[in-house]
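Let me begin by presenting the structure, written as structure tokens, before commenting on it.
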Amino acid sequence: MSQAAFPALRLRRTRAAAWSRRLHAETVVTPADLIWPLFIVEGTGVEEPIATMPGVSRWSVDLIAKRALEARALGIPAIALFPNTPAGLRTEDGREALNPDNLMCRAIRAIKDAAPEIGVLTDVALDPYTAHGHDGLVDAAGYVLNDATKAVLVDQALNQARAGADIIAPSDMMDGRVTAIRAALEADGHVNVQIMAYAAKYASAFYGPFRDAVGSRGRLSGDKKSYQMDPGNGDEALREVALDLAEGADSVMVKPGLAYLDIIWRVKQAFQVPVFAYQVSGEYAMIEAAVAAGAGDRDALVLETMTAFKRAGCAGVLSYHAPHAARLLGR
Ligand SMILES: NCc1[nH]cc(CCC(=O)O)c1CC(=O)O
Ligand SMILES: [Mg+2]
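Numbering follows our numbering, in which position 280 of the sequence shown is assigned residue number 316; successive positions increment by one, without gaps.
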């Protein structure tokens with residue numbers, strides 16, 4: 037590319053006025069780029085603040101429906117649901133995930149009643165339902181079994197689709213689960229239920245507050261490194277994405293977000309498919325801690341991170357700051 041030299045070229049010229057900065061903006065974020073993750077808890081009229089995620093709460097099903105109305109008013113197209121399963125229902129095999137009247141299914145139905153035009157994304161993994169906090173079935177040595185877990189995940193996905201989920205999002209990192217879930221959805225008539233694969237999901241230190249929110253933190257035995265990815269691996273992320281796309285994923289996710297912008301970029305460049313970032317709980321907590329310490333401005337931090345995700349190639353972002361961002365963007 038040839039370009040003029042100074043002073044014919046003054047790159048500050050187009051930055052001089054606000055109207056011109058707007059005109060030359062390469063990346064635009066809108067509320068339509070956002071997915072709002074929400075935590076669900078048993079009860080009625082219950083809001084439980086999560087200490088490690090200031091500003092984020094668990095909501096009972098009736099209040100989750102109100103959040104869906106809020107999302108609609110803000111122009112947020114979709115919400116993602118995560119249940120905090122009552123302790124007594126957490127078992128070795130996570131069987132509550134298959135209960136058609138579990139917290140997740142009741143929340144899906146309540147949202148679809150209140151705001152049917154809002155997309156509902158559901159997480160497929162057993163960690164909110166297992167006594168040991170792992171995403172799958174564990175053998176005597178503590179290893180998370182791939183194929184046995186996959187079979188349960190298929191039933192979990194079907195349970196969610198039958199309750200009305202629009203996007204099935206397997207976050208478990210078992211190999212082969214997308215093929216199995218797609219086949220089951222087709223066979224059960226859910227031809228337009230999408231699969232957003234958590235394809236490149238890293239074994240990250242940024243998930244701590246989420247585990248508080250769903251109540252798996254104190255339960256988790258060991259770590260998730262035998263199924264989630266090593267933070268140093270980039271080529272492997274492309275292989276994970278290729279596999280999930282070959283298995284029938286409609287879109288793929290990179291998780292966490294900000295520390296993995298290079299992975300988002302590489303995935304988008306390599307595959308030209310819809311890529312989503314999950315700006316995870318620890319990232320949310322980091323921004324809120326910075327704001328609380330007087331180290332940064334929330335509005336600016338939130339919008340800058342959203343812009344970075346889109347610039348890197350994202351079609352959209354899952355973020356706990358989604359309603360805040362939508363309010364800022366809707367002005
Ligand atoms: N399968 C569980 C799951 N789904 C989404 C997150 C993390 C989201 C966040 O930190 O906001 C996790 C945590 C984990 O893998 O331990
Ligand atoms: Mg995989």
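Ideal Cβ placement from N, Cα and C applies to all residues, glycine included.
Report the rounded CA-to-CA distance for L99 versus Q192, giving the unit in angstroms. Walking along the sequence shown from the start, residue 99 turns up at place 63. Walking along the sequence shown from the start, residue 192 turns up at place 156. In a straight line, the C-alpha of L99 is about 24 Å away from that of Q192.
Would the C-beta of F246 count as close to ligand 1, meaning under 8 Å from any of its heavy atoms? To locate residue 246, count along the sequence shown from 1; it is residue 210. Yes, since a heavy atom of ligand 1 falls inside the 8 Å radius drawn around the Cβ of F246.
Can you tell me the Cα-Cα spacing of Q230 and R51, whole angstroms? The sequence position of residue 230 within the sequence shown is 194, counting from 1. The sequence position of residue 51 within the sequence shown is 15, counting from 1. Roughly 41 Å separates the two Cα atoms.
On the DSSP letters alone, give me the boundaries of the alpha helix (DSSP H) that R213 sits inside. Counting from one through the sequence shown, the residue named residue 213 turns up at place 177. Start and end: R213 to A223.
Please list the segments of the beta strand (DSSP E) lying wholly inside the segment 84-161, counting only runs of 3 or more residues, in order along the chain. Qualifying beta strand (DSSP E) stretches, in chain order: 93-95, 114-119 and 155-160.
Tell me whether the segment 114-134 and the segment 277-292 touch, counting them as touching only if at least three CB pairs, one residue from each stretch, are closer than 8 Å. No: fewer than three Cβ pairs fall under 8 Å.
By the three-class DSSP mapping on this structure, what secondary structure does A329 have? Numbered from 1 along the sequence shown, position 293 holds the residue referred to as residue 329. Correct three-state label for A329: coil.
Would you say G318 touches ligand 1, meaning its beta carbon is less than 8 Å from a heavy atom? Translated into the one-based positions of the sequence shown, residue 318 becomes position 282. Yes - ligand 1 has a heavy atom lying nearer than 8 Å to the Cβ of G318.
Using only the heavy atoms of ligand 2, determine whether one of them is closer than 8 Å to the beta carbon of L274. As a working note, residue 274 is residue 238 in the sequence shown. A distance criterion of 8 Å places the beta-carbon of L274 beyond contact range of ligand 2, judged by its closest non-hydrogen atom.
With DSSP collapsed to three states, give me the class of S287. If you number the sequence shown from 1, residue 287 lands on position 251. Three-state result, S287: strand.
Should the segment 244-253 be regarded as contacting the segment 84-94, the criterion being three or more beta carbon pairs within less than 8 Å? Taking one beta carbon from each stretch, the segment 244-253 and the segment 84-94 have 3 or more pairs nearer than 8 Å; the two touch.
What is the DSSP secondary structure of Y320, counted as helix, strand or coil? Taking the first residue of the sequence shown as position 1, residue 320 is located at position 284. DSSP places Y320 in helix when its eight states are reduced to three.
Beta-carbon proximity list for H226, same chain, < 6 Å, skipping 5 on both sides: For the purposes of this step, residue 226 is identified with residue 190 of the sequence shown, where counting begins at 1. Around H226, the same chain offers A197 as residues with beta carbons nearer than 6 Å, after the five sequence neighbours per side are excluded.
Identify whether V353 lies in helix, strand or coil by the three-state DSSP scheme. Reading the sequence shown from its first residue, position 317 is the one you call residue 353. Here DSSP, grouped into helix, strand and coil, assigns V353 to strand.
Beta strand (DSSP E) segment containing M342, residue limits: Looking up residue 342 in the sequence shown gives position 306. Where M342 is concerned, there is no enclosing beta strand (DSSP E), although the alpha helix (DSSP H) it sits in stretches over R334 to A348.
Check for me: the alpha helix (DSSP H) holding A361 runs from which residue to which? By one-based count along the sequence shown, residue 361 stands at place 325. Start and end: A358 to L365.
Taking the C-alpha atoms as reference points, what is the distance between P43 and L59? For the purposes of this step, residue 43 is identified with residue 7 of the sequence shown, where counting begins at 1. For the purposes of this step, residue 59 is identified with residue 23 of the sequence shown, where counting begins at 1. Put simply, the backbone Cα of P43 is about 22 Å away from that of L59.
If I'm right that I76 touches R94 with Cβ under 8 Å, what's the distance once you round it to whole angstroms? Locating residue 76 in the sequence shown gives position 40, counting from the first residue. Locating residue 94 in the sequence shown gives position 58, counting from the first residue. Separation of the CB atoms of I76 and R94 is rounded to 7 Å, and the pair is thereby assigned contact status at 8 Å.
Which of helix, strand or coil does DSSP assign to P292? Within the sequence shown, residue 292 is the residue found at index 256, counting from 1. Looking at P292 - three-state DSSP - the assignment turns out to be coil, as it is neither helix nor strand.
For ligand 1, any of its heavy atoms closer than 8 Å to the Cβ of Y234? By one-based count along the sequence shown, residue 234 stands at place 198. Distances taken from the Cβ of Y234 to the heavy atoms of ligand 1 include one shorter than 8 Å.
Output the boundary residues of the beta strand (DSSP E) element that contains A239. By 1-based counting over the sequence shown, the position of residue 239 is 203. Counted as a single uninterrupted DSSP element, the stretch harbouring A239 is not any beta strand (DSSP E), since DSSP gives it neither H nor E.
Once the 5 residues before and after K304 are set aside, which same chain residues still bring their CB inside 6 Å of it? Along the sequence shown, one-based indexing puts residue 304 at 268. So the qualifying residues of the chain are V311 and G349.
Could you tell me which residues DSSP puts in a beta bridge with T166? As a working note, residue 166 is residue 130 in the sequence shown. The beta-bridge partner set that DSSP reports for T166 consists of T127.
Just to confirm my understanding: we take V190, look at its own chain, exclude 5 residues before and 5 after, and list those with CB closer than 6 Å. What are they? As a first step, residue 190 is located in the sequence shown; it is residue number 154 there, counting from the start. Cβ within range, chain order: A216, I217 and A220.
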